[in-house]
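In the working numbering, the protein residues as written are 11 to 219. Each residue gets a CB set at the ideal place from its N, CA and C atoms; glycine is no exception.
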Amino acid sequence: MDMQAISQKLQAGKAKDVKALVQQALDEGVSPQVILNEGLLSGMDKVGEKFKNNEIFVPEVLVAARAMNWGLDILRPRLAEEGVKASGKVCIGTVQGDLHDIGKNLVKMMMEGKGLEVVDLGTDVSPETFVRTAKEQNCQIICCSALLTTTMDVMGEVVKEAEREGIRDKVKIMVGGAPVTDSFAKSIGADAYTPDAASAAEVAARFCA
Ligand code: B1M
């Protein structure tokens with residue numbers, strides 16, 4: 011089967027079709043790794059590019075991500091059997107005091123689309139929780155999202171907590187969200203600021219490579 015069919019159905023957000031095609035490909039003996047890379051991840055890469063170029067918008071990304079998750083549900087047990095490991099592990103959350111999670115969820119989905127394992131801490135996440143999770147679960151990256159000018163300073167506290175807990179040299183810290191800028195990220199000592207979900211996923215995949 012042509013993996014392009016899976017990629018195209020994923021881009022169109024056709025979850026049931028993606029699920030059926032992934033199952034069909036497995037039945038035909040296509041390797042789970044090929045289905046993942048050339049079908050699902052390739053489709054999600056294209057979604058990321060189009061989103062970055064403003065060719066598609068949040069609703070289209072969400073339905074594509076849902077389609078990817080349906081495909082992944084079929085594939086996951088087979089990938090585990092074959093010992094295919096995620097290319098990296100990150101934890102993500104919206105910082106303490108902040109309940110906005112739409113952008114954070116998009117970043118999470120794009121990162122999963124790059125093959126990364128994502129620990130989602132939800133919203134209102136304290137610096138201590140970010141750092142404890144990174145330590146306990148061996149995350150290579152801590153990802154912080156903030157939508158309020160009143161909560162973005164918590165990101166600086168995450169950096170300081172990582173220093174206090176002695177993991178600053180082992181973990182990258184990425185920040186983003188509407189009020190966050192590159193100069194703000196530099197001023198608090200974060201490793202990267204990215205303006206959107208697609209570029210966040212690209213940078214995270216590079217950090218984990
Ligand atoms: Co709120 N809100 N809100 N809100 N809200 C804003 C952010 C606001 C700009 C509206 C306004 O006044 N114009 C304003 C903030 C003003 C400021 O701080 N300067 C505001 C306010 C004031 C508030 C309340 C205080 C209102 C009140 O109660 N008086 C309150 C705060 C609650 C709290 O958090 N403690 C509040 C509440 C809410 C709702 C609950 C109603 C709802 C949130 C629902 C939810 O998230 N589940 C909500 C919403 C929806 C918004 C707006 C309308 C939309 C935000 C959104 O989801 N955008 C927003 C106004 C606006 O932006 N037009 C607003 C879409 C999303 C895809 O974009 O999250 O920016 P965004 O994510 C982008 C990038 O920023 C980036 O990638 C994403 C896409 O590519 N990105 C990252 C995000 N995180 C990243 C992390 C990265 C990298 C990139 O690396 C780790």
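When the options are compared against residue i, the one with the closest alpha-carbon
i, options, result
"Met-165", "Lys-95, Gly-103, Leu-31 and Ala-22", "Gly-103"
"Ser-197", "Met-162, Lys-26, Ala-207 and Ala-188", "Met-162"
"Glu-167", "Gln-147, Ala-188, Ala-195 and Lys-145", "Ala-195"
"Phe-140", "Lys-62, Val-185 and Leu-46", "Val-185"
"Lys-180", "Met-13, Val-213 and Cys-149", "Cys-149"
"Lys-145", "Thr-159, Thr-133, Asp-134 and Val-129", "Val-129"
"Asp-111", "Ala-219, Asp-55 and Gly-187", "Gly-187"
"Lys-182", "Asp-55, Ala-219, Glu-38 and Lys-95", "Ala-219"
"Val-190", "Thr-160, Gly-176 and Phe-217", "Thr-160"
"Phe-217", "Gly-176, Ser-193 and Ile-151", "Ile-151"
"Lys-26", "Ala-75, Asn-47 and Pro-87", "Ala-75"
"Ala-96", "Asn-115, Asp-55, Leu-46 and Lys-56", "Leu-46"
"Pro-87", "Asp-55, Arg-178, Gln-33 and Glu-48", "Gln-33"
Sub-8 Å separation of residue i and residue j beta-carbons
i, j, result
"Ser-171", "Pro-137", "Per the sequence shown, residue 171 should be read as Glu rather than Ser. Closer than 8 Å, so yes."
"Gly-81", "Leu-50", "yes"
"Val-100", "Cys-153", "yes"
"Ala-208", "Gly-98", "no"
"Thr-143", "Leu-157", "no"
"Val-44", "Met-13", "yes"
"Gly-123", "Ala-211", "yes"
"Asp-206", "Lys-62", "yes"
"Phe-126", "Ala-214", "First, the amino acid is wrong: residue 126 is Leu here, not Phe. Yes, the pair counts as a contact, with Cβ atoms nearer than the cut-off."
"Val-169", "Ala-202", "no"
Whole-number beta carbon distance between residue j and residue i, since they are thought to touch under 8 Å
i, j, result
"Leu-35", "Ile-16", "A small correction: the amino acid at residue 35 is Ala; Leu does not occupy that position in the sequence shown. Sure, about 7 Å apart at Cβ, within 8 Å."
"Leu-109", "Pro-42", "Going by Cβ atoms, the distance from Leu-109 to Pro-42 rounds to 37 Å, so no, they are not a contact pair."
"Gly-53", "Leu-20", "3 Å"
"Gln-106", "Asp-134", "6 Å"
"Val-40", "Ala-77", "At roughly 18 Å, the Cβ-Cβ gap does not stay under 8 Å, so Val-40 and Ala-77 are not in contact."
contact_flag[the region 68–76, the region 115–132] where n(CB pairs < 8 Å) is 3 or more: yes
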